[in-house]
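Visitor: The structure is given below, and queries will be raised subsequently.
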Amino acid sequence: MLVQAATGNTSIKLDGVLWIKASGKWLAHAGQEEILVPVSLAETVRRVETRTDPAGQTAIVGGQTLGTSVETAMHAVIPHRVVLHVHSVNAIAWAVRADGEAQLTPRLAGISWKWIPYLPSGLALASAIREAVAENPGIRVFILANHGIVICGDAPLETEALLREVETRLAIATRPVADPNWDELALISERTGWKVPNNPIVHALGVDPIARRILSNGILYPCQAIFLASSTPIVSRFVSASDAAAVDSSWLVVEEVGTLLRARQNPVEGLTLNGLAQVVLRLPELAPIAYLKQNEVNDLLCADVYRYRARVEGNSADKLPFHNLPSGEPGVELR
């Protein structure tokens, strides 16, 4: 509910060193392996000031060379000692709304917070954060439109407590949805060769007409485009084997029936798809949606992003087995 796969990043500033999550590493693996990279805070800030993106700075940690997160600039310019950036499904469900800032104003009353219009990760986003901090150094919470949330503080437990409070205030109940048609999914699977995931929530993307309408109109946030597809593949329940084979995607929404997978998904796709369903089911039928613009989606699908995706998928291997995923998480097991 807070991060999916390698999304989100944390940092702490200690004695002039910025310790920040490595690019492609999973917060879920922090208890198993080194995921933080130490870099000079002063040098990182200097790079930002000279318009040189500090992402990708490397250090050898635990015998491996790790590069800093794409969000390094943002973490560096925030004056607080601790920064938590997560892709909370509750926060994203507000952040993709055209009226999100107005809706959040009463919910976050009493907390020093700021709405940041969508900007790509890196120097552009860091610049907007820096301007906001210059205007109000006491800001503790940033809502990043079409992206996620950033929580700041001077101590880890204090900052985590604020994250929990904000999560509670932003919590949204999921819309009730009918069960998928398991029998028809099985028939379509037999006809097309596509697989049926076990997780009911991902089938809501096909069963729920509101979800289908939301997905058919555009991309809500970057990870949807990066790890799933630049548009949502939606087909009728009468889809033929040849039409299904022609779909350029690893997943397929079947109208009024459910969702299919081309083959057994890797954990990255499974977690991202689960997160997408969690977000969409928290969007009311009449909510005004602010989709990413086509040029913003196109900018996400560059060579650097594909290399990043490869790192994320590589880091998933043998670290988060399918059968050990928490209950309610992605439907990577197949019927």
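The opening residue of the sequence shown carries number 264 in this note's numbering; numbering runs sequentially from there.
For each residue, glycine too, the CB sits at the ideal point set by N, CA and C.
Here the structure is a predicted model, which is why all the values come from computation and not from measurement.
Take G385 and list the residues in its own chain whose beta-carbon comes closer than 7 Å to its own, dropping the five residues that flank it on each side.
Guide: Cβ within range, chain order: D316, A318, V333, A336.
Visitor: Under the assumption that R403 contacts W376 (Cβ atoms under 8 Å), give the Cβ distance between them as a whole number of angstroms.
Guide: So it is a contact: roughly 7 Å between Cβ atoms.
Visitor: Roughly how many angstroms separate the alpha carbons of S505 and G416, rounded to a whole number?
Guide: Going from the Cα of S505 to the Cα of G416 covers about 54 Å.
Visitor: For W378 versus A408, is the C-beta spacing smaller than 8 Å?
Guide: Contact: yes.
Visitor: Which runs of the alpha helix (DSSP H), 4 residues or longer, sit entirely within the stretch 422-459?
Guide: Correct list: 445-455.
Visitor: Residues in the same chain with beta-carbon distance under 8 Å from G401, minus the five sequence neighbours each way, listed in chain order, please.
Guide: These residues qualify, in order along the chain: S375.
Visitor: Jot down the residue ranges of each uninterrupted beta strand (DSSP E) in the stretch 472-558, minimum 3 residues, whole runs only, in chain order.
Guide: For the stretch 472-558, whole beta strand (DSSP E) runs of length 3 or above, ordered along the chain, are 514-517, 521-524.
Visitor: Could you check which residue in G481, I298, E532 has the C-alpha nearest to that of N558?
Guide: The candidate whose alpha carbon is nearest that of N558 is G481.
Visitor: Does DSSP put I298 in a helix, in a strand, or in coil?
Guide: Coil at I298, not helix or strand.
Visitor: Below 8 Å on the Cβ atoms is my guess for V520 versus I497; work out the distance and round it to an integer in Å.
Guide: Actually they are not in contact, since the Cβ atoms of V520 and I497 sit about 11 Å apart, beyond 8 Å.
Visitor: Which whole-angstrom value describes the C-beta separation of V649 and H348, a residue pair presumed to lie in contact below a C-beta threshold of 8 Å?
Guide: The chain is shown from 264 up to 598; residue 649 falls before or after that span and cannot be answered.
Visitor: Which of helix, strand or coil does DSSP assign to N353?
Guide: Helix.
Visitor: Determine the closest residue to E297 out of P460, I283, L367, with distance taken between C-alpha atoms.
Guide: For E297, the nearest C-alpha among the options comes from I283.
Visitor: Express the C-alpha separation of Y484 and L555 in angstroms, rounding to a whole number.
Guide: One C-alpha to the other measures close to 7 Å.
Visitor: Which residues in the same chain as V280 place their Cβ atom closer than 8 Å to its Cβ, once the five residues preceding and following it in sequence are excluded?
Guide: Excluding residues within five positions, the ones whose Cβ falls inside 8 Å are P301, V302, S303, L304.
Visitor: So does the stretch 467-481 actually touch the stretch 542-552, counting three or more Cβ pairs closer than 8 Å?
Guide: Segments in contact, yes.
Visitor: In whole angstroms, what separates the C-alpha of P551 from that of D362?
Guide: When rounded, the distance between both Cα atoms is 7 Å.
Visitor: Check each candidate in N444, T455, I489, S452 and name the one with the smallest Cα separation from L468.
Guide: Checked all of N444, T455, I489, S452; the closest Cα to L468 is N444.
Visitor: Considering only the beta carbon of each residue, do I275 and I341 sit closer than 8 Å?
Guide: No; because the gap between Cβ atoms is not below 8 Å, this pair is not in contact.
Visitor: So what's R344 in DSSP terms, helix, strand or just coil?
Guide: DSSP places R344 in coil when its eight states are reduced to three.
Visitor: Taking all protein chains shown into account, do 16 or more other C-beta atoms lie within 10 angstroms of the C-beta of N632, making it buried, or fewer, making it exposed?
Guide: Outside the displayed span of the chain (264 to 598) sits residue 632, for which this structure offers no information.
Visitor: Please state if the CB of L536 and the CB of V465 are separated by a distance shorter than 8 Å.
Guide: Contact: yes.
Visitor: Short of 8 Å in beta carbon distance, which residues of its chain neighbour L367, apart from the five on each side in sequence? Order them along the chain.
Guide: Contacts found: W357, W376, W378, I406, L433.
Visitor: Would you call N353 buried or exposed, if buried means 16 or more other Cβ atoms sit within 10 Å of its Cβ?
Guide: N353 is buried by the Cβ-count criterion.
Visitor: Entirely within the stretch 377-407 and at least 3 residues each: give me those beta strand (DSSP E) ranges in chain order.
Guide: 404-407, all fully within the stretch 377-407.
Visitor: Return the first residue and the last residue of the alpha helix (DSSP H) that I205 is part of.
Guide: Nothing can be reported for residue 205: it is not among the residues displayed for the chain, which extend from 264 to 598.
Visitor: Let me check understanding here. Comparing Cα to Cα, which of V560, G538, L549 lies closest to V265?
Guide: The question names Val, but residue 265 is Leu in the sequence shown. The residue with the shortest Cα to Cα distance from L265 is G538.
Visitor: Taking DSSP's pairing of strands, which residues face K284 in a bridge?
Guide: K284 is bridged to L299.
Visitor: Leaving out the 5 sequence neighbours to the left and right, which residues in its chain are closer than 8 Å to Q487 when beta-carbon positions are compared?
Guide: Taken in chain order, the residues that qualify are T535, L539.
Visitor: Check whether the Cβ of I482 sits closer than 7 Å to any heavy atom of the ligand MG, and report yes or no.
Guide: The model depicted lacks the ligand MG and carries no ligand whatsoever.
Visitor: Going by C-alpha distance, which of A436, D442, T273, A387 is nearest A285?
Guide: Measuring from the Cα of A285, the nearest candidate turns out to be T273.
Visitor: So, with DSSP's three-state summary, where would you put T315?
Guide: If DSSP states are grouped into helix, strand and coil, T315 belongs with coil.
Visitor: Q327 bridges to which residues according to DSSP?
Guide: Paired residue(s): V324.
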